[in-house]
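For the sequence shown, numbering that gives the first Met the number 0 gives the first residue as 0, with consecutive numbering after it. For glycine and all other residues, C-beta sits at the position ideal for the given N, C-alpha and C. One structure is given below, encoded as structure tokens.
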Amino acid sequence: MVNPSKDVLDDLCMRFVLNCPEEELRSWERLLFQVEQAHWFYEDHIRPENTKLKSFALKDFVKTLFENCSVLKPYKAQVGEILSQFNAYKSLVPVMGAIIMDEEMEHCLLLRGVKSSSSWGFPKGKVDENEADINCAVREVLEETSLDISSMVSEEDAIEITVRSQRRKMYLVHGVDRQTLFAPQMRGEVGNYAWMPISELPTKKEAEGAGVMTEEEGRCKFWAVWRFVKPLKSWIKKQKQKKKQKDKLVVLKKKKKTATTAATSATTAALPPPKKASPLSKNFVPAGGSEAKTKAPTLFSVEDFRFDKEAILSQLELGLVGLTGKA
0 MVNPSKDVLD DLCMRFVLNC PEEELRSWER LLFQVEQAHW FYEDHIRPEN
50 TKLKSFALKD FVKTLFENCS VLKPYKAQVG EILSQFNAYK SLVPVMGAII
100 MDEEMEHCLL LRGVKSSSSW GFPKGKVDEN EADINCAVRE VLEETSLDIS
150 SMVSEEDAIE ITVRSQRRKM YLVHGVDRQT LFAPQMRGEV GNYAWMPISE
200 LPTKKEAEGA GVMTEEEGRC KFWAVWRFVK PLKSWIKKQK QKKKQKDKLV
250 VLKKKKKTAT TAATSATTAA LPPPKKASPL SKNFVPAGGS EAKTKAPTLF
300 SVEDFRFDKE AILSQLELGL VGLTGKA
């Protein structure tokens, strides 16, 4: 393996340091984030085109860049101090990610670094300046898995802890098909993915190093998983209880609807069959209809009553009135 040439290193410095926004150069911490981007670009794009080039850990890459890049060379004596400040700064930057679960909420998605000896963990990453927590989680999951969870996350469903002054928040997402294919958007960032039974996740810090046995990769190590496991299981329990209650209500509504339908059918069956309406008088005017050609006879009112024998007998013969009435 050979070291990258000065031209390659100068090109990386030009791309990621000299051409970065001015606000990114206000501190060594922000500058080192740009150098970190240069390191990823070197590993993901330059080395695959020339497999003879040496692979670097970030610490060694920073030293190499400062020793060979003309712009950074004046500060090479301070690399150790700069890296120390950078690592201290990174340890305080909030980390956002997601715990992605299947439909049954019995498995969660874990990923590990490129090396098989790397630890497994949830997809996550550090918050950019002025970036909202939830947006960071969506971005990091997309970068590390190519899965867009923007429509699946909510602020209400998240677990947040603080470890040595660093905020860590995992948004809880469930309903992802275990047949989903995952892939990182940057090469050299993720080595493998696995659906891990939630019941087998470590619940103590000591268990993260020991890990669990798997058929594919032997004993796995975990990083920053155990602190989230107990609250995750508690959240899952509540979600399943809510689902159970919801399903119960649906069943009760169906039973009630069925019982109502049966009662209505029974009542209808017990009623006498409807009678066929007799033909209306040709003088009847329906509501909203046009007036009949012949005006319908009006009935008696109490005020209009006059005992007119001849008129009553005449109306009785016609069959239009009773004992009281007036033609």
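Self-check item: alpha helix (DSSP H) segment containing A37, residue limits
Solution: Translated into the one-based positions of the sequence shown, residue 37 becomes position 38. Counting along the chain, the alpha helix (DSSP H) containing A37 begins and ends at W27 to F40.
Self-check item: Cβ neighbours of S149 in the same chain (closer than 6 Å, five flanking residues each side left out)
Solution: The residue given as residue 149 occupies position 150 in the sequence shown. Only V137 meet the Cβ criterion.
Quiz item: When the distance is taken between beta carbons, is E143 closer than 7 Å to V189?
Solution: Reading the sequence shown from its first residue, position 190 is the one you call residue 189. Reading the sequence shown from its first residue, position 144 is the one you call residue 143. Cβ atoms of V189 and E143: closer than 7 Å.
Quiz prompt | Inter-residue spacing [alpha-carbon to alpha-carbon] between N49 and D6 | solution = To locate residue 49, count along the sequence shown from 1; it is residue 50. To locate residue 6, count along the sequence shown from 1; it is residue 7. Answer to the nearest angstrom: the Cα atoms are 14 Å apart.
Self-check item: Y88, enclosing alpha helix (DSSP H) - first and last residue
Solution: Counted from its first residue, the sequence shown places residue 88 at position 89. Looking at the DSSP string, the run of the alpha helix (DSSP H) that includes Y88 is V78 to K89.
Self-check item: Contact between the segment 243-252 and the segment 226-233 (3+ Cβ pairs under 8 Å)
Solution: no
Quiz prompt | F65 to K51 span [Cα, whole Å] | solution = Position 66 of the sequence shown holds residue 65. Position 52 of the sequence shown holds residue 51. Between F65 and K51, the C-alpha separation is close to 22 Å.
Quiz prompt | Cβ-based neighbour list, D156, same chain, cut-off 6 Å, excluding 5 preceding and 5 following | solution = Working through the sequence shown from its first residue, we reach residue 156 at position 157. Correct list, in chain order: L171.
Quiz item: Which first and last residues belong to the beta strand (DSSP E) in which V162 is found?
Solution: Residue mapping note: residue 162 aligns to position 163 of the sequence shown, counting from 1. Residues A157 to V162.
Quiz item: Excluding sequence positions up to five away, which residues of its chain have a Cβ less than 6 Å from the Cβ of E128?
Solution: Counted from its first residue, the sequence shown places residue 128 at position 129. Excluding positions up to five away in sequence, the list is empty.
Quiz item: With 16 as the cutoff for other CB atoms within 10 Å, does I160 come out buried or exposed?
Solution: Translated into positions along the sequence shown, residue 160 becomes position 161. Result: exposed.
Exercise. Check whether the Cβ atoms of H38 and F15 sit closer than 7 Å, and answer yes or no.
Key: Along the sequence shown, read from residue 1 onward, the residue named residue 38 stands at position 39. Along the sequence shown, read from residue 1 onward, the residue named residue 15 stands at position 16. No, Cβ-Cβ distance for H38 and F15 is not below 7 Å.
Quiz item: Helix, strand or coil: which one does DSSP assign to N134?
Solution: Indexing the sequence shown from 1 puts residue 134 at position 135. The answer is helix: DSSP assigns N134 an H, G or I state.
Practice problem: Determine the extent of the alpha helix (DSSP H) in which K168 is found, giving its start and end residues. | Solution: Position 169 of the sequence shown, counted from the first residue, corresponds to residue 168. Note, K168: premise wrong, no alpha helix (DSSP H); beta strand (DSSP E) at Q165 to V172.
Practice problem: Would you check if the distance between the CB atom of S118 and the CB atom of W225 is smaller than 7 Å? | Solution: As a working note, residue 118 is residue 119 in the sequence shown. As a working note, residue 225 is residue 226 in the sequence shown. No; because the gap between Cβ atoms is not below 7 Å, this pair is not in contact.
Self-check item: Segment contact, 8 Å Cβ cut-off, at least three pairs: the segment 93-108 with the segment 172-184
Solution: yes
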